[in-house]
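K.L.:
Quick one: structure below, then a few questions.
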Amino acid sequence: MSHGVHAVQHEAEHKIQHDSGHGGGGKNLLDARNRKVALLIAVIALGLAFSETLGKSAQTAALSYNVEASNLWAFFQAKTIRQTVLETGTEILKIDLVRDAGDTAAVKAALTKRIDSWEKTAARYNTELMDPPVRKEVNLNPPYGEGRRELMARAIAAEKRRDTAMERYHHYEVASAAFQIGIVLASATVITGMVVLTYLAAGLGAVGLAFMAIGFFAPHAVHLF
14 MSHGVHAVQH EAEHKIQHDS GHGGGGKNLL DARNRKVALL IAVIALGLAF
64 SETLGKSAQT AALSYNVEAS NLWAFFQAKT IRQTVLETGT EILKIDLVRD
114 AGDTAAVKAA LTKRIDSWEK TAARYNTELM DPPVRKEVNL NPPYGEGRRE
164 LMARAIAAEK RRDTAMERYH HYEVASAAFQ IGIVLASATV ITGMVVLTYL
214 AAGLGAVGLA FMAIGFFAPH AVHLF
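The following block contains the structure:
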């Protein structure tokens with residue numbers, strides 16, 4: 014909770030204690046109103062605590078997924094470079110094989126073996142599915158390995174998780190703002206006696222709950238940023 018909101022809430026609590034300690038014709042009505050406002054403030058503050066906790070968790074997850082996606086794309090680029098080098102070397106050997114067609118069978122066999130080995134390695138760099146035991150161990154779904162295709166799919170999946178986490182974070186931030194403004198307005202009710210501020214505070218509390226629910230259950234339903 015921000016210092017400004019905390020200060021206003023503290024002032025409201027002081028006002029409630031002050032009104033409770035002094036008599037007056039409307040003391041009972043005033044106490045009843047103040048208790049209701051205090052309860053509203055407590056409920057909104059509870060919502061604020063949840064939204065800030067969820068927002069921080071979503072922000073941390075987004076950063077983690079962003080790092081994961083960056084690492085996977087870097088791995089993808091490294092595999093691409095390796096594959097390109099092998100394919101280039103293979104093409105050079107194929108040219109040498111054709112050019113040296115008059116050489117002995119042993120030379121041809123060696124060149125052919127090297128070409129076959131490099132082609133298999135280049136193909137493995139392109140797609141490299143994991144064996145079933147490894148798939149179960151790393152718990153990947155789908156069970157991607159470390160070929161270019163698999164790395165691309167994993168990077169895209171990490172980016173989607175990052176985007177979802179950021180959408181959640183934005184909704185939780187809006188919810189927190191609504192809760193904080195609601196606390197300020199409810200506290201102002203105690204200080205100023207303007208009951209209409211209580212209804213505005215309750216409305217903002219409902220808005221905060223709505224955005225928190227959207228962030229948790231359907232973060233892509235509403236695009237804010």
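Residue numbering for the sequence shown follows the numbering used here, beginning at 14 and increasing consecutively.
Even for Gly, the Cβ is constructed at its ideal location relative to N, Cα and C.
These numbers come from a predicted model, not from an experiment.
1. Please list the terminal residues of the continuous alpha helix (DSSP H) segment that includes residue 187.
2. Between residue 67 and residue 185, which are expected to be in contact by the criterion C-beta below 8 Å, what is the C-beta distance as a whole number of angstroms?
3. Spatial neighbours of residue 182 within its chain, please: CB distance less than 7 Å, with the 5 preceding and 5 following residues excluded, ordered by chain position.
4. So, for residue 46: in the same chain, excluding its five sequence neighbours on each side, which residues have a beta-carbon less than 7 Å away from its beta-carbon?
5. Pick out whichever of 227, 170, 237 and 222 has its Cα sitting closest to the Cα of residue 80.
6. Express the C-alpha separation of residue 141 and residue 101 in angstroms, rounding to a whole number.
7. Thinking just about the alpha-carbon of each residue, which of 90, 51 and 125 is nearest to the one in residue 104?
8. Mapping the DSSP letters down to three states, classify residue 81 as helix, strand or coil.
9. Under three-state DSSP, which class holds residue 53?
10. Output the boundary residues of the alpha helix (DSSP H) element that contains residue 209.
11. Measure the C-alpha to C-alpha separation of residue 223 and residue 201 and round it to an integer number of angstroms.
12. State the CB to CB distance for the pair residue 199 and residue 54, rounded to an integer number of angstroms; the pair is presumed to be in contact (CB under 8 Å).
13. What three-state label does DSSP hand residue 62 in the structure shown?
14. To the nearest angstrom, report how far apart residue 168 and residue 233 are at their CA atoms.
15. Using a Cβ-Cβ cutoff of less than 8 Å, which residues in the same chain neighbour residue 110 once the five nearest sequence positions on both sides are dropped?
16. Does residue 228 have its Cβ less than 8 Å from a Cβ in chain B?
17. Return helix, strand or coil for residue 38, following the three-state DSSP convention.
18. Please work out which residues of its chain come closer than 7 Å, Cβ to Cβ, to residue 178, disregarding the five sequence neighbours upstream and downstream, and give them in chain order.
19. When you compare each of 176, 204, 139 and 173 to residue 159 by their alpha carbons, which one comes out closest?
P.N.:
Quick look at the numbers:
1. 161-205
2. 5 Å
3. 68, 71, 72 and 75
4. none
5. 170
6. 20 Å
7. 125
8. helix
9. helix
10. 209-230
11. 23 Å
12. 5 Å
13. helix
14. 20 Å
15. 121, 124, 125 and 128
16. As a matter of chain content, chain B is missing from the structure shown, which is built from one protein chain.
17. Residue placement at residue 38 is flagged as unreliable, the pLDDT there being 45, under the threshold of 50; a coordinate-derived value is accordingly withheld.
18. 71, 74, 75 and 78
19. 139
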